[in-house]
């Protein structure tokens, strides 16, 4: 992992979008530009849903594809070669059904990427849906729980192959912890899970259809191809 150069964060937009740009510099001198966008606070995943985003200011829920239709999110997605979509969950199901929180995160990462493809903003082969799982910290209040299930995208531009794992570590350092602490989920940014592959035949993924494999997760590098 190289150095992360921080850029000044833009102020949250009216629609609850947070953004920060930065760069990862490797020891070889190769530089990778990243742009981070977060749907959070007033626009976050609806409680126990992998399909809809709750718009608190409107008192209604909309599909993730509709929630993404913000100029700032469109700019980030269209301005980069590859896109990482990250699925997160708060602790929404306690007890015996606690695995559903992990399944929600898996499905949210996938459906975030699927929505980008359906909007026509990026082809599916350049979208990488990943997940970090559920927050390991119980939310102190509903406001914190909403932040824990924010929708996160990371746009990546690089002239050489890079690891998505490194981009997540960079994002962890770039994002204000008051927004999301990416180091407080069931999987670390160094070892994310893969939600699936988005192609022309893929539809939305439901949490009930996610199959979790028991055992310790292996640390598999996820390589993003360069822009040619």
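In the working numbering, the protein residues as written are 6 to 233. C-beta: ideal position from N, C-alpha, C; glycine also.
The beta carbon of residue 115 is closer than 6 Å to those of 134, 200, 201, 210 in its chain, skipping five residues each way along the sequence.
Within the DSSP bridge table, the entry for residue 162 names 38 as partners.
Setting aside the 5 residues that flank it on each side, residue 172 is surrounded in the same chain by 29, 37, 39, 89, 159, 161, 229, each with a C-beta closer than 8 Å to its C-beta; the list follows chain order. Excluding its 5 nearest sequence neighbours in each direction, residue 212 has C-beta neighbours in its own chain below 7 Å: 55, 105, 108, 109, 112, listed in chain order.
Under the 10 Å beta carbon count, residue 224 is surrounded by fewer than 16 other beta carbons and is classified as exposed. The DSSP-derived three-state label of residue 109 is helix. In the DSSP assignment, residue 134 falls outside any alpha helix (DSSP H) and lies within the beta strand (DSSP E) extending over 132 to 139. Residue 48 has 60 as its beta-bridge partners, per DSSP. Of the other Cβ atoms in all chains shown, 16 or more fall within 10 Å of the Cβ of residue 203; this residue is therefore buried. Per DSSP, residue 28 is one residue of the beta strand (DSSP E) stretching across 22 to 30.
The bridge partners DSSP lists for residue 115 come to none. Residue 52 places its beta carbon less than 9 Å from that of residue 97. Setting aside the 5 residues that flank it on each side, residue 188 is surrounded in the same chain by 177, each with a C-beta closer than 6 Å to its C-beta; the list follows chain order. By alpha-carbon distance to residue 218, the top candidate from 231, 207, 198 is 198.
For residue 81, no beta strand (DSSP E) run applies; the uninterrupted alpha helix (DSSP H) run containing it begins and ends at 76 to 83, by DSSP. In the DSSP assignment, residue 89 falls within the beta strand (DSSP E) that extends over 87 to 94. Contact check for residue 157 against residue 227 fails: the beta carbons are separated by 9 Å or more.
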